[in-house]
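Have a look at the structure below, then the notes.
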Amino acid sequence: MSHSTYGRMWAAAQGALEDMLEEELPAVPPRPRKDRLLVFQGLATFYVKYLQILRGLEAVYDQMVHPQKRRVVRHVLDGVTGRLLELKNEMVELEFSEFHYYDDVLQDLKLTPGDLEVPIPRYFVSEKLRVLREREKLLAQILARGGHLEPELDVPVRTMSLEEAVRVMQVCERARQGRLRASFMKEIRREEEKERLGRNRTTNTLDQNVAATRIQKGGQHQPDAADARGKSVQNDNFTQAILFTTVWLGYSARKRIRKERLEEMMFLGMVSPPQQGKQSATLVRAQQVECARRMMQEEHEVEFQQALVSIKDSVRTVDGPDVRQTLQEQIRQWFIECRDATGKFPDFPSADEGGSAAIFAQKTPEQVAAELAAKEEEKEKRKKSKGKKEKKSGKEVKEKKKDKKGKKKSDADPEEEEKGWKMPPSSFLPSVVEGTKTYKEVWQGRDESQNFTQCFDAQLVREEKRVEVEEEIRIQVDELMRQELKNLKIAVDRVKEKKKKKGTKSSKKKKKSKKSAKKKKRREKDQTADRTIESLYEELVLEGFLIRPMNVKLSEYIGEYSYLGTTLRQADIEPMPSLSDVRQLIALYGILPLGSQAVHERAPLVKTMLLAGPAGVGKRMLVHALCTETGANLFNLSPANLAGKYPGRSGLQYLLHTVFKMEPKRLKKDLPKFLKLIKPEDRVLIVGTTRRPFDADLKPFCKVYRKIILIPRPDYSTRLTFWTRVLQERGGRLTPGLDLSSLAKVTDGYTQGHILQAVQAVLSQRRLGQQSQRPLSALEFISPLARQDPVYKEEEDTFKAWYSRTPLGKKRARAARASEEPSRLWCYEYGFPSYGNSGYCQHGDSDFPVNTPVSHRPCLLALCKWEGTLGLGTGSCSLCQFISSLLLPALPLERSPIGHE
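Residue numbers (UniProt numbering): 1 to 901.
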C-alpha cells in the first residue's frame, strides 16, 4: 500500500481514539453506577473498541516510514496498549473471572469473533532484531565450544546377538526376493493380458471357406447382398455415433455437477479447499512490498539520527551566541529593575526552582520582587516562632477535635449516599491525550504532498533542537549570572558571605543516612561482581538453564471461539474456557507487558502466571511462543533440570542471584520472598506449567502465582481445525473421502498431543507416497488413537473443582451466591428460605418451625426466581392448605402458580 493509505489509516484510528476519549473523559464526571451488568457492558465495549484501535495503530506503525510520524504513533500505541490492559484488569475484578464473552458487544458493533484476537505488535522483535541475531550467534558458539551441538533425535538402539542379526538379515533378504519375484510376475501377467486382448479383438474377417467360395465366383455381382451389407454398415456407424455422444454428454454432465457440488461444499465450509502448491502472486508481491518498506524505515531512521546530531550542532554554532547574549542581557535587566523596585539586589533562584526560567515565567520584575520579599518575611516569621511556643488550653484542643470530627462526618455523608462503581484513574490516558494533541497540532493539517519519499522534516527537528540548546545554554548562563550577582552584592550592597556552621542537625542526618546506605549496600553485595555478562551467560547455557526457545508464534496455537459461553453463563452454568480465550490471555498477561518497557512500568503488574491443564494441551508451546513473540530469554527452571545442580546454601544463593530461582525443595519458602524484589521496571515473568495442580498445596500456589489460567481439552471446532491444519502440514491430501468431521467427533476427549501422535504414526514416508493410489481415510487414524488414554470427564471435573478453590474461583462463587439473595429474601418474608439454582425451597429439619409435624416437612413452597411466581407442593396436609389460602389471594395478577412439584 502507498504512503497516503497508511496516512488515512492513521487518521481513522485517531478519529476513533478521539471519540473514545470523549466518552472516557466527559466534561461532567459520571455518577457511580450500581448495576454490575451495565458496568461490565460499558467496560466490554471500551475494551473491544480499544482493541480495534490497537490493531489499526499497530499496522500503521509497522509500515509507516516517516521517522517523526512513527514516534507519535508509537507514543499513542503504547498508551492504547496499557489502557487495554487496565480495562481487562477492571473486568476481571468486576466479574471475578479471567474469561469474558462479548457476544452482545460484537453484535452491536457489527464485528466477528476474529476481531477479538489481540494483535501482537511486530516491533517487539523487529526493533531488536540485531540484538537477537547476535544473541543467537553467541548461543551457537557457546554450545559448539561445550560440545552441545544441535540436539539429535533420540533413536532407540537395541543390542542383539549374532544369531538374531543373521535371522533379521535373512528375513529382509527373503522379503527383497519376494518383492522382486512379485514385480516379475506382474510383468508376465501384463504381457499375457495384452496377448489375450489381441486374440479376442473383434475383426471383420471372413471364414476361409466362405472367402475361397467368393474368390472362385469371381466377378459375380450380388446387388441385394451388397446393398444390405452397406445399409448395415451405415446403421452400425450411426448407432456408434449416438452411443459415443450419449456417453460423452453423460460424462461431461457428471463432471460439471461434481465440480459444482464441490464448490458449494467448499463455500459452506463442509469441505476444505484444495491445497495450493504455490503461493499466489498477489501475496508474494504484498510481502515484498512490506519488506521493502521496512528497509526504507531503517534507512530513514539512520538519516534522521544523523540529522539530529548535525542540526543540533548547527543550531548551537549559529544561534548559540545570540541566545547566550540575549539571556545575559535579560537577567542583568532583571537585576537592575529589582534593585530599583526594592532597593537591593534579589536572590537568584536555585536550579531546583528552575533557575532563570522561573524569572521569566510571564512575570514582571515587580511581581518577582514581591514574591521574593514574601518568602523572606515567611523565613523571618518561622525563625521567631521557633523560640516562642504558645500553649493552648485543653478546651480549645477538644473543640477543634470536635469540629474536625463534625466536618469529617458531614463530608462523608454524600460519599456514603453515592455508593457504586467508579472508573479508577488511568496511568495511560494522559499519554494518549498528549499523543492525540500532538497529532492535531502538528500532523493533522500538515501538507505532505511534496514529501514523496516521506523523509524527516528538518524544520521540526530544528525547532525541537533549538529548545534543547536554549535549555543547555540557560544552565551555563545561570551559573555565570549567580557569580555575577554575588559580586554585585559584595561590591554595591556590601553583603558579606555567610560561613557554614559545623555540627548542625542536617549534617548529622546526612551522615546517618550515608551510614544506613552503606549498610544496605553491604547487605546487597553483588556475588558476581568479578564476572562479565558473557561469562554468566555461558555458564547458564552450559548448565542447561538458559535454553533456545522453539520458533513458534502464538497464532500457531490453534483454538476456536466459544459460541456458547454467554448462553451458559445466562443459565448460571460456568463454561469451560476455549483455547481462543487462553491465547488471548497469554497475549494480554505475557506478551504485551514484556514487549514494551513503557507498558510494563505502568500497567497492572503481573509477575507470575500458572498454566494448568491436562497433558498435551500445549502449555510448553505457549511458553515458547511467549518468548518468540517478545524476544525474551527462556530459563528452564523445572525441578528435573534443577536437581543436583548448585548444591548447598552458597550454591542456592548464587543461583538466586543469577536467575531469580532456587532449588525445587526450597521453592515453597524462598520464591514468594524473592518475588518481592521484582520491580515494575524489571521485565521478568515467571511462568509455571503443571498437569496435576490438585496434587500440590493450594496456598503456596496462590501466594506465588498471581494469574492462574486453566487450559481445557479442545472442543469440536478446535479439533476440526486442528485435524485439517496438522494433516496439511504433514503432507496429507485432503479429499472428500476423508471425513474430518467424523474424526473431530470421535476424538472428543483427546488433546492436541494425542491427535498429533496419531497423525505421525499414520503418515509415514511410505504412506505419503501411496496417497495417489490409495487416498487417506478416517479409519486409519482410529487404531493409533485407541492406544492412547483420553482426558475423561472425571479428570476434567477434578480440574474444575480445583480451580473453584483458587482465590478467584472463591470470589466468583460468593458473587454467584450473592446474586441469588433477592429471591431468598422474598421467600424469607413468609418464613420459608429458598435454595439452589432452581429457586425451589428445599426445607430441612432446621428450616421448619419446631412444632411442625414431621409428616408436613416434605411439602415444598417454591419461588421461581426467573418468573417471580410461586409453586406449591402436592401435599394435602393442613399446612399446605393454610399456605395456599394465605398466599395465593395476595399475589399480583401477573404472578400465578406455575404448577405443583
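By construction, the Cβ of each residue, glycine as well, lies at the ideal position given by its N, Cα and C atoms.
Given the structure is predicted, the values throughout are model-derived calculations rather than measurements.
Pair within 8 Å by beta-carbon distance, residue i and residue j
i    : j    : result
A778 : L743 : yes
V432 : V76  : yes
L605 : L622 : no
L554 : E629 : yes
G355 : P349 : yes
R602 : S427 : yes
G613 : P712 : yes
Y725 : T747 : Reading off the sequence shown, one finds Arg at residue 725, where the question assumed Tyr. Result no, Cβ atoms of R725 and T747 do not sit closer than 8 Å.
F635 : T798 : no
V118 : L588 : yes
T690 : P714 : no
L111 : V48  : yes
L776 : G731 : no
S717 : E560 : yes
R812 : S97  : yes
Where residue i sits in the DSSP three-state scheme
i    : result
R33  : strand
K422 : coil
I547 : strand
F781 : helix
L738 : coil
L634 : strand
S4   : helix
L667 : Note on L667: pLDDT 47, under 50, position unreliable in the model; the coordinate value appears next. Helix, per DSSP.
I678 : coil
G749 : coil
V247 : helix
M185 : helix
M270 : coil
N641 : helix
L763 : coil
M20  : helix
R261 : helix
G732 : coil
V552 : coil
T342 : helix
Y716 : helix
H66  : coil
P593 : helix
L756 : helix
Q41  : helix
S427 : coil
D697 : coil
Counted within 10 angstroms of its Cβ, other Cβ atoms place residue i as buried (16 or more) or exposed
i           : result
residue 911 : The requested residue 911 is not part of the displayed model; the chain covers only 1 to 901.
P639        : exposed
K512        : In this prediction, K512 has a pLDDT of 48, which is less than 50 and means its spatial position is unreliable; nothing more can be read from the coordinates.
Q454        : buried
K514        : The predicted model places K514 with a pLDDT of 49, which falls under 50 and marks its position as unreliable; any figure quoted below should be read in that light. Flag for K514 reads exposed.
S280        : exposed
K194        : exposed
T608        : buried
V289        : exposed
C172        : exposed
S596        : buried
P273        : exposed
R83         : buried
F99         : buried
G250        : exposed
E95         : buried
V309        : exposed
Beta-ladder partner(s) of residue i, from DSSP
i    : result
A612 : T690 and L710
L727 : Looking at the DSSP assignment, L727 forms no beta bridge with any residue, so it has no partner.
Report the residue ranges of all alpha helix (DSSP H) runs contained in full by the stretch 555-584; include only those spanning at least 4 residues, in chain order.
Complete alpha helix (DSSP H) runs here, min 4: 565-570.
Every unbroken alpha helix (DSSP H) inside the stretch 100-152 [4 residues or more]
103-109, 123-126 and 129-145
Suppose only complete runs of 4+ residues qualify. What are the alpha helix (DSSP H) ranges in the stretch 280-336, listed by chain order?
281-318
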